[in-house]
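In our numbering, the protein residues as written are 18 to 546.
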């Protein structure tokens with residue numbers, strides 16, 4: 018299929034409204050008109066961007082096209098058939114041919130079921146997919162197609178990053194071999210790097226599968242990069258509809274010009290999506306590394322997350338694990354590949370000796386740290402803050418300084434620094450923990466640039482509250498340490514540069530990207546007294 022073929026979709030004079038609740042029992046219900054006389058056509062294989070401010074009716078239009086809401090009047094012709102008046106039973110054959118990808122992947126996935134369940138449900142709608150083995154094989158192929166490791170089918174939604182969840186939802190939509198996909202604000206909650214990769218994925222799938230795409234967004238730069246045509250909506254009506262290149266060159270409607278001027282558009286690089294996929298790793302340009310057969314050194318391995326990391330490394334087939342701690346007596350060294358060693362990361366001499374001794378390390382996981390939660394404004398005692406900075410920042414710095422040459426000698430590798438979502442929070446009164454974690458994030462960013470030429474990746478892991486002794490004073494929800502360890506190791510294998518395990522951390526990360534002051538105001542309620 019191509020964009021020059023006959024129209025796959027023709028929308029004519031479409032009106033959609035919603036009944037408003039009665040103010041009192043005798044009053045007739047009034048209707049709010051949301052979509053008002055919209056018309057457009059879309060050829061098979063083409064892409065249409067629908068843009069407008071909040072409340073413009075763009076999402077309702079997308080839902081009406083797929084008959085997720087019933088229009089009040091007008092017609093929607095799909096492949097020549099008027100689907101606007103069909104019953105639910107009559108619509109069934111068309112459901113597989115038309116799919117919607119929603120804005121929030123978390124609400125589209127059952128948090129209590131593994132991702133495989135969501136894909137299997139979609140595959141069950143197709144005829145000819147009967148056996149469990151066949152469904153699993155098809156599900157794995159779908160995950161690979163959207164850039165996910167097939168092993169993630171065994172994960173729950175909260176164990177994935179926001180970009181990974183969105184890819185999983187795209188895989189589910191593709192499971193029924195649709196011809197038309199409506200994507201509603203699907204990159205609005207992602208960071209710029211993840212946005213680029215999701216958009217690149219859609220572009221590749223569109224070309225490979227001949228998909229017809231309707232992309233709903235408030236971001237004109239996204240529309241410009243992805244869509245052949247752009248339809249601008251204002252208060253439920255079409256303000257302007259034109260080829261995307263023509264619309265951006267000369268916008269005829271005042272509202273379109275207002276949108277272009279109001280939304281901060283960067284200088285457009287026509288190859289930005291291509292450059293985003295130039296790396297073999299699909300997220301953040303990081304260095305991917307398999308855990309199997311790796312030689313790993315873990316600090317703080319005697320409790321909490323560190324203990325779980327060691328256990329998961331054993332399960333994933335690491336060749337050797339050097340598990341270290343100030344008190345190594347609590348380290349589980351029952352597995353043959355695990356060696357327990359004493360290490361204080363504030364002892365520079367001990368670190369140097371260890372780096373010389375363990376010259377085969379290619380994965381360094383800096384997990385050791387302390388949490389004194391000293392409130393700067395509420396306490397005159399600066400000792401807790403000093404200890405946190407000494408361990409959490411300077412200790413980690415010494416580990417990286419000592420082992421970076423080791424990794425370089427071994428051809429490169431990965432350094433993982435376990436931090437906290439508080440590293441992203443600009444809230445000084447949160448206390449010394451926030452300050453030391455923020456300093457740790459700056460350290461990661463500097464090392465990442467410095468060590469890239471040595472084929473060494475540097476990763477920041479920023480969970481929310483974790484169910485460990487160190488976080489006992491934090492309020493729920495708390496993520497199990499084993500889930501944090503798994504999310505971290507998954508990120509290492511996928512080449513992530515920043516990992517936000519769990520819904521809390523991922524949600525805070527997205528909130529900080531869109532409205533940091535609101536998030537900081539909410540977190541201020543947890544200030545130590």
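Note that beta-carbon positions come from the ideal geometry of N, C-alpha and C, so glycine has one too. Quick caveat: nothing in here was measured; it's all calculated off a predicted structure.
The alpha helix (DSSP H) runs lying completely inside the region 134-186 and spanning 4 residues or more are 149-162, given in chain order. DSSP lists 251 as the bridge partner or partners of residue 254.
The alpha-carbon of residue 127 is positioned some 12 Å away from that of residue 182. If you ignore the 5 residues before and after residue 119, its C-beta comes within less than 8 Å of the C-beta of 125, 186, 201 and 203, all in its own chain and listed in chain order.
By the neighbour-count criterion, in which a residue is buried when 16 or more other Cβ atoms sit within 10 angstroms of its Cβ, residue 269 is exposed. Classified as exposed, residue 347 has fewer than 16 neighbouring CB atoms from the shown chains inside 10 Å of its CB. If you look at residue 503, you'll find it in the alpha helix (DSSP H) that goes 498-511.
Apart from the 5 residues on each side of it in sequence, residue 310 sits with its Cβ closer than 6 Å to the Cβ of 336 in its chain, given in chain order. DSSP lists 340 as the beta-bridge partner residues of residue 357.
When the beta-carbon positions are compared, residue 55 and residue 74 come within less than 9 Å of each other. When DSSP reads this structure, residue 439 sits in no beta bridge, so it has no partner.
The region 347-360 makes contact with the region 323-331; the number of CB pairs closer than 8 Å reaches 3 or more. Here DSSP, grouped into helix, strand and coil, assigns residue 408 to helix. Counting of Cβ neighbours within 10 angstroms places residue 511 among the buried residues, the total reaching 16 or more.
Straight through space, the alpha carbons of residue 87 and residue 108 are spaced by roughly 12 Å. Assignment of residue 222 by DSSP, reduced to helix, strand and coil, places it in the helix class. Note that the region 28-35 does not touch the region 228-236; fewer than 3 beta-carbon pairs, one per stretch, sit closer than 8 Å.
Burial of residue 122 is indicated by the presence of at least 16 other C-beta atoms within 10 angstroms of its C-beta. Per DSSP, the unbroken beta strand (DSSP E) holding residue 56 starts and ends at 48-60. Residue pairing for residue 32: DSSP places it in a beta bridge opposite 53 and 90. Residue 115: member of the beta strand (DSSP E) spanning 115-118, first to last residue.
Per the coordinates, the alpha-carbon of residue 506 lies some 33 Å from the alpha-carbon of residue 236. Per the coordinates, the alpha-carbon of residue 354 lies some 46 Å from the alpha-carbon of residue 143.
Counting along the chain, no beta strand (DSSP E) covers residue 420; the unbroken alpha helix (DSSP H) around it starts and ends at 413-426. Taking 9 Å as the cut-off, the Cβ atoms of residue 103 and residue 84 count as close.
Non-local beta-carbon contacts of residue 416 in its own chain, meaning distances under 7 Å to residues more than five positions away in sequence, involve 316, 362, 368, 381 and 383 in chain order. Judged by DSSP in its simplified three-state form, residue 265 adopts helix. In the three-state scheme derived from DSSP, where H, G and I count as helix and E and B as strand, residue 363 is classed as coil.
Counted as a single uninterrupted DSSP element, the beta strand (DSSP E) harbouring residue 231 occupies residues 229-234. By the criterion of a C-beta distance shorter than 6 Å, residue 205 is surrounded by no residue of its chain, once the five residues flanking it on both sides are discounted.
Looking from the CA of residue 427, the closest CA among 456, 176, 375 and 437 belongs to 375. Taking a C-beta distance under 9 Å as the contact criterion, residue 409 and residue 481 do not qualify as a contact pair. Excluding sequence positions up to five before and after residue 465, its CB lies within less than 8 Å of the CB of 474, 475 and 514, all in the same chain and listed in chain order. Counting other Cβ atoms within 10 Å of its Cβ, residue 379 reaches 16 or more and is therefore classed as buried. Non-local C-beta neighbours of residue 412 in its own chain, meaning closer than 7 Å and more than five positions away in sequence, comprise 362, 363 and 385, ordered along the chain. Shown here, residue 127 sits in coil according to DSSP, grouped into three states, outside any helix or strand.
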